[in-house]
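J.: Here the sequence shown is numbered in this note's numbering, starting from 375 and rising by one per residue.
Quick one: the structure is below, and I'll ask about it shortly.
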Amino acid sequence: MFIPGMLITIVTFPGVIVHELAHQLFCRLYKIPVFKVVYFQAENPAGYVIHEAPQNKMQSIMISIGPFILNTILGALIALPASLPVLHFGHTASFLDAILIYLGVSIAMHAFPSTGDASSIWKAVNEEETPFWVKIVAYPVV
């Protein structure tokens with residue numbers, strides 16, 4: 375059964391919002407001015423952040439992998455406590471458990487870099503002046 379990508383994006387919209395918040399958070403962390411943020415729209419792309427060019431490759435990579443870090447941690451922190459009793463002890467999920475699992479999975483699904491993020495990471499990683507340790511950190515994410 376084929377499920378269109380836009381339908382998945384709409385159903386998992388909390389993950390898109392957190393993904394864009396992560397980009398914005400990492401921009402703020404590095405004091406990179408943000409010009410525009412669209413947290414969610416039912417179009418392609420589902421969300422985006424327009425910001426000034428980062429001052430160095432490490433900042434560029436960190437802004438691009440920010441959602442990988444934040445969405446993974448937040449998704450796990452939300453879904454894991456609700457899913458463990460259900461999976462490990464065979465309990466029936468309460469309504470709250472179901473909501474928390476949905477939120478956690480939705481957020482975690484959008485941890486992976488978007489096409490634009492992956493392109494930015496790949497470009498920065500393959501440039502000669504990018505420090506070796508930055509390449510080691512970024513390669514597994516792309």
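Here a beta-carbon is modelled for each residue, glycine too, at the ideal position from N, C-alpha and C.
Quick one: what's Val515 bridged to in DSSP?
T.: Val515 is not bridged to any residue.
J.: By DSSP's criteria, Tyr422 is part of a beta bridge. Which residues make up the other side?
T.: Val412
J.: For Ile481 and Val515, what's the separation of their Cα atoms in angstroms?
T.: Near 17 angstroms, if we compare the C-alpha coordinates of Val515 and Ile481.
J.: Classify Glu394: buried if its beta carbon has 16 or more other beta carbons within 10 angstroms, exposed otherwise.
T.: Counting C-beta atoms within 10 angstroms of its own C-beta, Glu394 has 16 or more neighbours from the protein chains shown and is therefore classed as buried.
J.: So, are the CB atoms of Ala498 and Lys431 less than 7 angstroms apart?
T.: yes
J.: Take Ser457 and list the residues in its own chain whose beta-carbon comes closer than 7 angstroms to its own, dropping the five residues that flank it on each side.
T.: Ile475
J.: On the three-state DSSP scale, how would you describe Pro487?
T.: coil
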